[in-house]
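Note that the working numbering has the sequence shown beginning at 394, numbered continuously upward.
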Amino acid sequence: MVLSGAFPIFFHDSSQTIAGTSALIEAVIFDFGGVITSSPFEAFNRLEEDRGLPLNFVRTVNANNPDGNAWARLERSEIDPAAFDALFAEEAAVLGHELRGSEVLRVLAGNIREEMVVALDRLAGAGYRLGCITNNVRGARGPGMARSEEGANRFATVFARFEHVIESSTAGVRKPDPRIYRMMCEALGVAPSACVYLDDLGVNCKPAAAMGMHAIKVLSARQALDDLGAVLGIDLAG
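Take a look at the structure:
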């Protein structure tokens, strides 16, 4: 476990537990891409390699003006995919390379991590409330931004396991804005301190931890399940 200010964010040391925590937790809230599915950053890196771009170029573009750039505006549905295509290309050009936004969107959807789906079922069977907060975009096939109808149907079976799902593209607010976490707590009727939150981005874990959630930064499926199991006192990775 490491501390962000005074707030705990768990990394991969499952020996770190909080005495009595499991009895206090009522809900587990998940990010989708990079947690339930493989990381989109892996797909971005493959795109960069194919195009001869610097490693993590897409992330570099999106790190500039992170709350007001094309990516952030698309995730809040302030612009449509066509506008994003052009605006992202402009932002990439400022950094010296050519890349259309449409090329990024084509590789965005990840593959479902089946072990995470099994864990969702175990958590539901143990009585935990399940929520999902996803930064996503309109114009794709469903909230998981699937590339095919078959993929969208499979994603739908996973989303059906959550009691409540908040999509940034529908809500008009995106992580790490604290409002989106409060919206989930209100929808589930639980206090932040009664929640565990999992996300593959530390910047998204920090607001959750700041309001009292037990935040777990996801580095891999196994690490996430080990850390979550340690907090809840149950085996999720077996």
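No residue lacks a Cβ here, since even glycine has one placed at the ideal position from N, Cα and C.
Alpha carbon to alpha carbon, how far is Asn-546 from Ala-553? Here residue 546 corresponds to residue number 153 of the sequence shown, with the count starting at 1. Here residue 553 corresponds to residue number 160 of the sequence shown, with the count starting at 1. Going by the C-alpha atoms only, they are around 11 Å apart.
With a cut-off of 8 Å on the beta carbons, I'd call Val-451 and Phe-437 a contact; round off their distance for me. Within the sequence shown, numbered from 1, the residue matching residue 451 stands at position 58. Within the sequence shown, numbered from 1, the residue matching residue 437 stands at position 44. Indeed they touch by this definition, with Cβ atoms about 4 Å apart.
Does the Cβ of Arg-439 have 16 or more other Cβ atoms within 10 Å, making it buried, or fewer, making it exposed? As a first step, residue 439 must be located in the sequence shown, where it is residue number 46. So Arg-439 ends up on the exposed side.
For Leu-618, the three-state DSSP class (helix, strand or coil): For the purposes of this step, residue 618 is identified with residue 225 of the sequence shown, where counting begins at 1. Three-state result, Leu-618: helix.
How is Arg-531 classed by DSSP in three states: helix, strand or coil? Position 138 of the sequence shown, counted from the first residue, corresponds to residue 531. Correct three-state label for Arg-531: coil.
Where Ala-580 and His-490 are concerned, what is the direct C-alpha to C-alpha distance, given to the nearest angstrom? Mapped onto the sequence shown, residue 580 falls at position 187. Mapped onto the sequence shown, residue 490 falls at position 97. Approximately 43 Å between the Cα atoms of the pair.
Scan the segment 551–616 and note each continuous alpha helix (DSSP H) run of 4 residues or more that stays entirely inside, going in chain order. 561–564, 571–581 and 595–603
Length at least 3, wholly inside the segment 411–442: the beta strand (DSSP E) runs in chain order: 420–423
Does the beta-carbon of Asn-458 have 16 or more other beta-carbons within 10 angstroms, so that it is buried, or is it exposed? Numbered from 1 along the sequence shown, position 65 holds the residue referred to as residue 458. Exposed is the call here.
Quick one: grab the DSSP three-state call for Leu-499. Position 106 of the sequence shown, counted from the first residue, corresponds to residue 499. This sequence places Arg at residue 499; Leu is not what is there. In this structure, Arg-499 counts as helix in the three-state DSSP scheme.
In whole angstroms, give me the CA-to-CA distance for Glu-543 and Ala-549. Numbered from its first residue, the sequence shown carries residue 543 at position 150. Numbered from its first residue, the sequence shown carries residue 549 at position 156. Taking the straight line from one Cα to the other gives about 10 Å.
Chain-order list of residues whose beta-carbon lies under 7 Å from that of Ser-613 (same chain, five-residue window excluded): Against the sequence shown, residue 613 aligns to sequence position 220. None.
Find the nearest neighbour of Gly-520 within the set Arg-493, Phe-555, Asn-529 and Gly-461, judged by alpha-carbon distance. Along the sequence shown, one-based indexing puts residue 520 at 127. Residue Phe-555 is the option with its Cα nearest to Gly-520.
List the endpoints of the continuous alpha helix (DSSP H) containing Asn-455. By one-based count along the sequence shown, residue 455 stands at place 62. 450–456 is the span of the alpha helix (DSSP H), which, as asked, contains Asn-455.
Exposed or buried, which one is Gly-637 when buried takes at least 16 other CB atoms within 10 Å? Nothing about residue 637 can be reported from this structure: the residues present for the chain run from 394 to 631 only.
Return the chain-ordered list of same chain residues with a C-beta closer than 7 Å to the C-beta of Leu-516, the five sequence neighbours on each side being excluded. As a working mapping, residue 516 is identified with position 123 in the sequence shown. Only Val-421 and Leu-523 meet the Cβ criterion.
Any idea what DSSP makes of Leu-390, helix, strand or coil? Only positions 394 to 631 of the chain appear in the structure, and residue 390 is not among them; the question remains open.
Can you tell me whether Pro-600 is buried or exposed, with buried defined as 16 or more other CB within 10 angstroms of its CB? Stepping through the sequence shown from its first residue, residue 600 is reached at position 207. Its Cβ being crowded by 16 or more others within 10 Å, Pro-600 is buried.
Quick one: give me the first and last residue of the alpha helix (DSSP H) that Ala-512 is part of. Taking the first residue of the sequence shown as 1, we reach residue 512 at position 119. Its alpha helix (DSSP H) spans residues 507–518.
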